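Chains as they are written, first to last, in this note's numbering: chain P, 164 to 550; chain E, 164 to 550.
Think of the CB as a built atom: it goes at the ideal place given N, C-alpha and C, for glycine as much as any other residue.
Remember, it's a predicted structure, so these values are computed and weren't measured experimentally.
What follows is the structure in structure tokens.
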């Protein structure tokens with residue numbers, strides 16, 4: 164496989180409800196990423212989106228956005244894995260460049276989640292025949308996992324709330340984050356509205372709109388362009404589809420498999436990772452992802468939050484620009500925000516939230532209740548892992 | 164790029180309305196294709212499907228079908244380009260194997276189109292803001308193109324009907340075709356029910372259910388497996404999204420671009436192609452595809468039907484196993500039927516419909532009104548193009 168780099172990024176500010184439409188947001192972020200890379204076009208466009216069928220009545224979004232961005236003619240495909248669709252687009256762009264089929268590719272994500280119905284549309288990531296008709300949705304499933312974890316591990320009440328507090332703290336310095344106004348305390352998180360016990364409002368990422376994109380290029384393309392980040396690994400794994408079929412629902416076996424494959428591809432281990440953009444759609448997922456990706460032993464993920472190790476300056480900074488929790492989680496776009504944020508960190512452009520000496524960042528994206536998990540590992544230009 | 168071969172296929176008979184559900188059909192066809200390749204698993208699964216969001220309420224179909232096929236753990240993604248989704252899955256599987264990320268991959272397609280609403284869901288391939296609200300759908304758009312063609316080219320009334328007659332003739336010997344019972348005459352086609360003038364019933368492919376899959380492997384994998392077909396080219400192109408924005412709606416510029424890129428990749432020209440599985444969802448599309456892919460001059464595609472050159476034994480056999488028109492067009496599965504049929508042809512296993520000496524087959528798949536067009540060129544094992 165040819166080495167592949169990220170050479171440009173684009174982000175639109177995440178919003179509660181955008182005035183733009185899907186095509187405008189998608190085209191704008193594609194233009195931003197191309198301009199950021201110093202390009203006018205690319206070899207292909209891969210698009211992440213989850214809800215356009217339902218919310219916009221649109222099933223052909225990649226070609227639509229290519230046309231709106233004045234790129235008609237280009238290869239344009241939509242890639243899906245429920246909430247991990249953005250990372251699936253990034254993975255496909257990686258395959259396209261690594262294969263030699265194209266020298267450059269855009270991975271973009273865009274989502275307008277709509278005023279209502281978000282919840283029932285999101286539940287389509289679950290089993291439409293064996294879960295949804297029995298009242299299960301993303302909230303109930305995550306609540307079940309969180310309840311199990313709290314009971315099994317005898318975790319103090321505030322343990323998971325600290326993930327939310329950290330994310331909101333970090334979002335304050337991210338101009339593209341949805342929640343930039345204020346910090347929350349653990350007490351506020353613990354007394355926020357109960358949504359689906361034990362999940363409270365501050366355990367959840369918000370319904371919101373956004374778009375982000377990155378431009379990939381082979382290592383021998385655009386060689387004068389020094390602002391680049393190497394994709395050391397790109398891996399996808401699945402778990403048993405239904406939570407009920409898993410031997411151990413707290414193990415996130417798909418996240419474990421995906422991380423292991425990525426470490427193997429990159430030739431590194433968790434000890435080499437300097438920051439982690441986890442799929443913290445719910446605080447419990449941030450905690451379990453730390454365990455599945457090898458940053459904490461089983462049942463011990465919460466201790467990294469309690470000890471401050473997930474803060475910037477800590478052992479494994481988490482959600483350094485706010486994460487899904489506070490930057491926001493516009494589904495199909497989320498992983499492209501993650502990739503953009505790691506790009507900034509590894510280039511030393513993360514401002515007040517800069518992780519000192521960040522050389523390697525890991526990002527994970529989850530579809531369903533950790534049914535599909537996609538891991539990318541990125542490395543700084545010139546770091547010792549840059550080969 | 165590493166050379167990539169198809170080493171196994173699976174097809175379920177196309178049905179008007181299946182008793183199975185999506186997961187069963189998907190898993191069954193994956194198992195069939197793996198068994199046909201002599202494998203128990205593969206490196207990844209890429210799935211084509213267009214309508215599951217609407218018809219089955221399911222947005223996570225690749226992981227669902229991986230689980231049902233006892234492949235959980237595997238990389239599984241859904242790839243979309245409206246009606247060309249199956250070909251998009253095949254293209255992505257090609258990229259994955261060509262890149263070296265995996266040595267084997269399954270490209271599968273499955274579609275259950277539902278009793279009603281097919282038409283409004285299919286219209287989501289068009290522009291939801293600038294076409295659909297004004298009454299446009301796939302039928303009206305194809306009718307517009309057909310009317311233009313008939314008027315511009317002064318084509319005899321029966322010219323396009325011959326594409327339907329040929330497809331139905333060929334479907335009679337395909338055990339997986341929806342329409343196997345009888346032939347139609349040109350007169351019957353010309354007097355079939357008027358659907359959207361000038362489109363008549365026999366100009367249209369049917370609403371139906373089906374699933375098909377192929378297994379890809381790198382050329383140096385499974386070397387003892389001699390029953391294989393080389394993927395000489397896999398290319399995707401887009402046109403301006405809306406018909407109204409195109410300089411020449413009859414040119415199918417996306418199909419032209421896609422074919423040109425494929426010829427360049429394969430190092431061949433249309434004169435080297437022995438059979439063509441076109442996207443004959445409407446007879447006009449079969450005709451225009453012949454022109455766009457270089458088999459006929461502009462405005463002359465219909466003459467290949469009139470002269471019998473599209474029949475088996477003719478210059479460029481078309482829809483040799485019935486095509487979308489008569490084998491059926493279960494959207495996301497269609498391109499995997501095409502690939503399976505060419506696989507049979509190139510291995511000399513096409514029975515009464517065998518194209519004598521078939522060495523190279525070309526297939527094209529269309530999303531929207533030729534907005535996304537995906538071309539694959541396949542070559543026989545041991546043919547002079549096998550390098």
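Exercise for the section: Output, in chain order, the set of chain E residues within a Cβ distance shorter than 9 Å of residue 258 of chain P. Expected result: 255, 258, 259, 261, 262, 264
Handout entry: Helix, strand or coil at residue 549 of chain P [DSSP, three-state]
Key = Annotation note: pLDDT 47 at residue 549 of chain P (below 50); position unreliable, coordinate value reported separately. Residue 549 of chain P: coil per DSSP, three-state reduction.
Problem - Simplified DSSP state of residue 211 of chain E, which is helix, strand or coil - result: strand
Exercise for the section: Check each residue of the region 209–242 of chain P: if its Cβ is closer than 7 Å to any Cβ of chain E, include it; give the result in chain order. Expected result: 213, 216, 217, 219, 220, 221, 222, 223, 225, 226, 227, 229, 230, 235, 236, 237, 238, 239, 240, 241, 242
Practice task
Can you grab the Cα-Cα spacing for the pair residue 265 of chain P / residue 257 of chain E, in whole Å?
Solution key: 13 Å
Exercise for the section: Quick one: which residues of the region 390–413 of chain P get their C-beta closer than 7 Å to a C-beta of chain E? List them in chain order. Expected result: 399, 400, 401, 402, 403, 404
Handout entry: Straight-line gap, residue 424 of chain E to residue 254 of chain E (C-alpha atoms, nearest Å)
Key = 13 Å
Exercise for the section: In the DSSP assignment, find the beta strand (DSSP E) that holds residue 527 of chain P and state where it starts and stops. Expected result: 523–530
Practice task
Compare the Cα-Cα distances from residue 243 of chain E to each of E/412, E/236, E/222 and report the closest residue.
Solution key: E/222
Exercise for the section: Would you kindly work out how many angstroms separate the C-alpha atoms of residue 416 of chain P and residue 402 of chain P, rounded to a whole number? Expected result: 6 Å
Practice task
Starting from the C-beta of residue 325 of chain P, find all residues in its chain whose C-beta is less than 6 Å away, skip the five residues before and the five after it, and write them out in chain order.
Solution key: 468
Exercise for the section: Starting from residue 347 of chain E, trace the beta strand (DSSP E) both ways and give me its first and last residue. Expected result: Residue 347 of chain E -> no beta strand (DSSP E), and no H or E assigned at all.
Practice task
Evaluate residue 297 of chain E with the Cβ neighbour count: other Cβ atoms within 10 Å of its Cβ, from every protein chain shown; 16 or more gives buried, anything less gives exposed.
Solution key: exposed
Problem - Backbone CA spacing between residue 232 of chain P and residue 339 of chain P [nearest angstrom] - result: 22 Å
Practice task
Return yes when the Cβ of residue 286 of chain E is within less than 8 Å of the Cβ of residue 301 of chain E, no when it is not.
Solution key: yes
Exercise for the section: Please classify residue 427 of chain P: is it buried, with 16 or more other beta-carbons within 10 angstroms of its beta-carbon, or exposed? Expected result: exposed
Exercise for the section: Return the bridge partner residues of residue 536 of chain P from the DSSP annotation. Expected result: P/400, P/529
Exercise for the section: State the DSSP-derived secondary structure class of residue 204 of chain P, mapped to helix, strand or coil. Expected result: coil
Exercise for the section: Per DSSP, which residues does residue 392 of chain E bridge with? Please list them. Expected result: E/169, E/543
Problem - Own chain partners of residue 443 of chain P with C-beta closer than 8 Å, once the 5 adjacent residues on each side are dropped - result: 326, 330, 368, 449, 452, 481, 482, 486, 487, 488
Practice task
Taking a Cβ distance cut-off of 9 Å, strictly less, list which residues of the region 169–191 of chain P are near chain E, in chain order.
Solution key: 184, 185, 186
Exercise for the section: Give the straight-line distance between the Cα atoms of residue 393 of chain E and residue 193 of chain E, rounded to the nearest whole angstrom. Expected result: 20 Å
Practice task
Count the other CB atoms, across all protein chains shown, that sit within 10 Å of the CB of residue 524 of chain P; report buried if there are 16 or more and exposed otherwise.
Solution key: buried
Handout entry: residue 502 of chain P, DSSP secondary structure in three states
Key = helix
Handout entry: Closest by C-alpha distance to residue 499 of chain P, when choosing among P/213, P/252, P/323, P/422
Key = P/252
Exercise for the section: Would you verify that the beta carbon of residue 294 of chain E is, or is not, closer than 8 Å to some beta carbon of chain P? Expected result: no
Practice task
Could you tell me whether the Cβ atoms of residue 421 of chain E and residue 537 of chain E are closer together than 8 Å?
Solution key: yes
Exercise for the section: Within the same chain, show all residues whose beta-carbon is closer than 7 Å to that of residue 405 of chain P, passing over the 5 residues directly before and after it, in chain order. Expected result: 290, 293, 294
Problem - Per DSSP, the bridge partner or partners of residue 178 of chain E - result: E/372
Exercise for the section: Taking C-beta pairs closer than 9 Å, name the residues in chain P that residue 497 of chain E reaches, listed in chain order. Expected result: Going along chain P, no residue has its Cβ under 9 Å from residue 497 of chain E, so there is no contact; the nearest lies around 15 Å.
Handout entry: Closer than 8 Å to chain E by CB, residue 415 of chain P
Key = no
Problem - Whether residue 228 of chain E touches residue 190 of chain E by CB criterion (8 Å) - result: yes
Handout entry: Burial state of residue 317 of chain E (16 or more Cβ within 10 Å)
Key = exposed
Exercise for the section: Output the distance between the C-alpha atoms of residue 195 of chain E and residue 520 of chain E, rounded to the nearest integer angstrom. Expected result: 27 Å
Practice task
Flag this pair as touching only if the region 173–180 of chain P and the region 350–368 of chain P have three or more C-beta atom pairs under 8 Å; answer yes or no.
Solution key: no
Practice task
Spell out whether any CB of chain P is found under 8 Å from the CB atom of residue 550 of chain E.
Solution key: Note that residue 550 of chain E scores a pLDDT of 43, beneath 50, so its modelled location is shaky; the value from the coordinates is reported in the next line. So no, residue 550 of chain E is outside the interface.
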